[in-house]
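Data block below; observations after.
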Amino acid sequence: MPRFAFTAAFQPAGGQPEAISRLAAGLGEGRKHQVLMGVTGSGKTMVVAQMIQEIQRPTLVMSPNKTLAAQLCSEFRQFFPTNAVEYFVSYYDYYQPEAYIPRSDTYIEKDSSKNDEIDRLRQSATRALLTRRDVIVVASVSCIYGVGSPEDYLGESIEIHAGEGFRRDIFLRKLTNLQYQRNDVDFGRARFRVRGDTVDVQPSYDQIATRVQFNGDEVERIVQLDPLTGEIIGDVETFQVFPATHYVTPREKLLRAIEAIQVELDERVAWFESQGKLLEAQRLRQRTQFDMEMMRETGSCAGIENYSRHLTGRRAGQEPYTLMDFLPADTLVVVDESHVAVPQIGGMYGGDRSRKIPLVDYGFRLPSALDNRPLTFAEWERKVEQVVYVTATPGPYEEQKSQQTVEVVIRPTGLVDPTVEVRPTRGQIDDLLTELNKRVEKKQRTLVTVLTKKMAEDLTDYLREMGVKVQYLHSEVDTLERVEILRDLRLGTFDVLVGINLLREGLDLPEVAFIAILDADKESYLRDYRSLIQTIGRAARNVEGHVILYGDTVTGSMQKAIEETNRRRALQTAYNEEHGITPATIVKAVYNLERHQAQAVEDTIATIASGLPPDEIQRLVKDLERQMKKAARDLQFERAAELRDRLVALRRDALEYREGLPPAAAAEAGLARPRGRVRRRVHA
-6 MPRFAFTAAF QPAGGQPEAI SRLAAGLGEG RKHQVLMGVT GSGKTMVVAQ
44 MIQEIQRPTL VMSPNKTLAA QLCSEFRQFF PTNAVEYFVS YYDYYQPEAY
94 IPRSDTYIEK DSSKNDEIDR LRQSATRALL TRRDVIVVAS VSCIYGVGSP
144 EDYLGESIEI HAGEGFRRDI FLRKLTNLQY QRNDVDFGRA RFRVRGDTVD
194 VQPSYDQIAT RVQFNGDEVE RIVQLDPLTG EIIGDVETFQ VFPATHYVTP
244 REKLLRAIEA IQVELDERVA WFESQGKLLE AQRLRQRTQF DMEMMRETGS
294 CAGIENYSRH LTGRRAGQEP YTLMDFLPAD TLVVVDESHV AVPQIGGMYG
344 GDRSRKIPLV DYGFRLPSAL DNRPLTFAEW ERKVEQVVYV TATPGPYEEQ
394 KSQQTVEVVI RPTGLVDPTV EVRPTRGQID DLLTELNKRV EKKQRTLVTV
444 LTKKMAEDLT DYLREMGVKV QYLHSEVDTL ERVEILRDLR LGTFDVLVGI
494 NLLREGLDLP EVAFIAILDA DKESYLRDYR SLIQTIGRAA RNVEGHVILY
544 GDTVTGSMQK AIEETNRRRA LQTAYNEEHG ITPATIVKAV YNLERHQAQA
594 VEDTIATIAS GLPPDEIQRL VKDLERQMKK AARDLQFERA AELRDRLVAL
644 RRDALEYREG LPPAAAAEAG LARPRGRVRR RVHA
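Sequential numbering of the sequence shown, starting at -6, is according to my numbering.
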């Protein structure tokens, strides 16, 4: 059985070795709750990776958002290159949940845009959990939302062996039951094509395809191939196909579920009619009967997850199946940035239920739709065997539950916490401007945190008028643009970044030497002790790190944050003096897209000038798309963005150079412009 094989170019140092030993020992002693309290830059991910190597157990790492999850996944893949490190987050690029607003009689239909690559990664994660033990799944907290039954997912899978008896028509029927689509022209993920006695399948979780060659009623040969080029990769003896979706149900179970849905529908309609709510009764009957007919004929329907209680045979109120049910019994759970993630886990159930109750009360959904929900916090607690909370600032829950708190104060790099001072708010902007100019002269970067979006935008405009190269960052900036802004800050395209709450957990910016926290004395969610410690920590990767808190009074949170920072700094300085360590700023490579983008433009012009025929351009477009998806799969989002820009430039320039090209020819060449997404609002 494969084992975790840790790989790193460096050995644990500073406070890491002791932390690894204590955490692993605590797990061996059966401690259910432990806290890894590490300062910013102490290498907490390294500690967790070494701990996993020690205990050799499957691990679920929960992160508060997709961005941090992607960062963690990338780091774990570097530490465990030969093991299964999987990524499980929400697959929606855009999501408008179904809702009903009674006061305006407005029904908002569910509208979403699914990211096909992230869906593939989700499928890959569940498949890995069911087929091997050397698995690390990095997930966002959305993993506590319902998915299908793991028993059905595994039970409905198809396994065939070369040389065994297996009829082709039965194989095709089983693929269809697993929600795979037959497409002999546009072959791709979760699809299959048939050519005589040869069936090509690209599983929903894989980037390579498998060819099954039949000879009569026998499987003659199984080979893997590149779905784009058709190049044979090699022969395999066994091929196991898992369902194309997590919501797959055996036919017999589906028919029983439809019967149960009908019974619930009759009861609910009768109740509405007894209350004189004829509109709600008619609406519910019409919508539900349509869904049942779709399930009966195709095995699925839009919004099938709302019938998950019946499809999985659960009782009313019983907890849903989630990713947690795919985990082996001895799985270790690691909650990263737990001071943020734990409250998120606790709040999801209430938010989901408050949205669905009007849908049920007004006849848009059956009451059983309420059981399509995330886990409650109590249910999540019952499902975790052992958990390690990773944070620089443990929350009240972690402090209460922890059976062992392991602190990592000493950084492997020898860097110490930044110096902190308090200055009055009177004249704070002029004072800030003076400090910014000092940092610009030293070619250092600065973060400035404010309380509102408007303040961020107004301050950015003012600083820009004063000649400062500055940008702002807040929640309306999308993820990809956020990555580009942070990269430009590190490259020195601008010197100052103004933000609100985005300049906290997980930001790795060694070039940042100065942080200004405006209105630090406004005691609030963004200025409490934990927020201040997290923000101060962003300057801890630079040897000249310094933080100024602007406030007219010193609040309890400010005092506690300053005292804790000074305590850590004293310990770190003493350790460095004892061991003869001279701190140095972390040097971290920046992925510079400028050269790649310039080369992309040159390549595009050369390609167009060469006058390639449409089929050649289409081949080039597909190749670039394949490279882009591979980069996204490897979580190299900046590389994926470069390839995306290259694709856009290729299509745009091709159209400009080929004026007069008929629309059909442009479409054939893959040069049609993508359509925008339309958000639908449907009134009842």
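Idealized CB from N, CA, C, for every residue including glycine.
Exercise for review: Verify the CB distance criterion: does R480 have a CB-CB separation below 8 Å to chain D?
Suggested key: Here chain D cannot be found, since the structure has a single protein chain.
Practice item. For T99, name the three-state secondary structure that DSSP assigns. Key: In this structure, T99 counts as strand in the three-state DSSP scheme.
Point to revise | Which listed residue (K446, L429, Q437, M448) has its alpha carbon closest to that of G460 | key: It is L429 whose Cα lies nearest to the Cα of G460.
Practice item. Measure the alpha-carbon distance for A18 versus Q397 and round it to whole angstroms. Key: It is roughly 11 Å from the alpha-carbon of A18 to the alpha-carbon of Q397.
Check your understanding: Buried or exposed: where does L248 fall if 16 or more other Cβ atoms within 10 Å of its Cβ makes it buried?
Key -> L248 should be labelled exposed.
Check your understanding: Quick one: what does DSSP say K446 is sitting in, helix, strand or coil?
Key -> In the structure shown, K446 sits in a helix (DSSP, three-state: H, G or I).
Point to revise | DSSP-derived helix/strand/coil call for Y146 | key: If DSSP states are grouped into helix, strand and coil, Y146 belongs with the helices.
Point to revise | Sequence-distant residues of the same chain with beta carbon closer than 6 Å to D210, five excluded per side | key: So the qualifying residues of the chain are G158, R160.
Check your understanding: CA-CA distance, L586 and D638?
Key -> Low confidence applies here, because L586 scores a pLDDT of 37, under 50, leaving its location unreliable; read the following figure in that light. Taking the Cα positions, L586 is about 11 Å away from D638.
Review point. How close, in whole Å, do the beta carbons of I541 and A509 come, if the pair is a contact with beta carbons under 8 Å?
Key: 5 Å between Cβ atoms; contact.
Point to revise | Buried or exposed (CB count within 10 angstroms, at least 16 for buried), W264 | key: The residue in question, W264, is exposed, as its Cβ has fewer than 16 Cβ neighbours within 10 Å.
Check your understanding: Which partner residues of I153 appear in the DSSP bridge assignment?
Key -> For I153, which the question treats as bridged, DSSP gives the partners F232.
Review point. Measuring CB to CB, does R280 end up less than 8 Å from F232?
Key: At the C-beta level, R280 and F232 stay beyond 8 Å of one another.
**Study point:** Host beta strand (DSSP E) of T52 (start-end)
**Key:** Run containing T52: 52 to 56, per the beta strand (DSSP E) assignment.
Check your understanding: For E91, which residues of its own chain have a beta-carbon under 6 Å away from its beta-carbon, when the five flanking residues on both sides are left out?
Key -> Around E91: K103.
Point to revise | Rounded C-alpha distance that separates V699 from F319 | key: Any answer about residue 699 is impossible in this case: the structure gives the chain only from -6 up to 677.
Review point. According to DSSP, what are the bridge partners of T384?
Key: DSSP output for T384 lists M30 as bridge partner(s).
Check your understanding: Which term fits S105, buried or exposed, when burial requires 16 or more other beta carbons within 10 angstroms of its beta carbon?
Key -> Per the 10 Å Cβ criterion, exposed.
Practice item. Drop a sphere of 10 angstroms on the beta-carbon of A577, count the other beta-carbons inside from all chains shown, and report buried for 16 or more, exposed for fewer. Key: Counting the other Cβ atoms within 10 Å of the Cβ of A577 gives fewer than 16, which makes it exposed.
Check your understanding: Is A12 helix, strand or coil by DSSP?
Key -> DSSP places A12 in helix when its eight states are reduced to three.
**Study point:** First and last residue of the uninterrupted alpha helix (DSSP H) at D190
**Key:** Neither: D190 is in no alpha helix (DSSP H) and is coded neither H nor E.
Check your understanding: Under a three-way DSSP split, which group does T528 fall into?
Key -> If DSSP states are grouped into helix, strand and coil, T528 belongs with the helices.
Exercise for review: Find out if the Cβ-Cβ distance for the pair T52, T324 is shorter than 8 Å.
Suggested key: Closer than 8 Å, so yes.
Practice item. Drop a sphere of 10 angstroms on the beta-carbon of P387, count the other beta-carbons inside from all chains shown, and report buried for 16 or more, exposed for fewer. Key: The residue is buried, with at least 16 neighbouring Cβ atoms inside 10 Å.
Exercise for review: Name the one or two DSSP bridge partners that F507 has.
Suggested key: Residue pairing by DSSP places F507 opposite T439, H539 in a beta bridge.
Check your understanding: Can you pull the DSSP bridge partners for Q397?
Key -> Under the DSSP definition of a beta bridge, Q397 partners with Q27.
Point to revise | Proximal residues to R302 (C-beta, below 6 Å), its chain only, five neighbours per side dropped | key: Here the set comprises S361, D364.
Check your understanding: Start and end of the alpha helix (DSSP H) containing G340?
Key -> Note, G340: alpha helix (DSSP H), 331 to 354.
**Study point:** DSSP bridge partner residues for L466 (one or two, in chain order)
**Key:** Answer by DSSP bridge pairing, in chain order: G492.
Check your understanding: Any idea if A(-2) is buried or exposed, counting beta-carbon neighbours within 10 angstroms, 16 or more meaning buried?
Key -> Answer is exposed; the Cβ neighbour count stays below 16.
Check your understanding: Does the Cβ-Cβ distance between R404 and G34 come in under 8 Å?
Key -> Cβ distance < 8 Å, so R404 and G34 count as in contact.
Practice item. Round the Cβ separation of P220 and G181 to the nearest angstrom and send it over; I've been treating them as touching at under 8 Å. Key: Going by Cβ atoms, the distance from P220 to G181 rounds to 7 Å, so yes, they are a contact pair.
Check your understanding: Expressed to the nearest angstrom, what Euclidean distance is found between the alpha-carbon atoms of L277 and D354?
Key -> L277 and D354: Cα-Cα distance of roughly 10 Å.
Point to revise | DSSP three-state assignment for D512, whether helix, strand or coil | key: Here DSSP, grouped into helix, strand and coil, assigns D512 to coil.
Check your understanding: Closest to A309 by CA distance: which of T315, M317, Y300, L316 is it?
Key -> When each option's Cα is compared against that of A309, the closest is Y300.
Check your understanding: Is the beta carbon of V54 less than 8 Å from the beta carbon of A132?
Key -> Yes, these two residues count as a Cβ contact at 8 Å.
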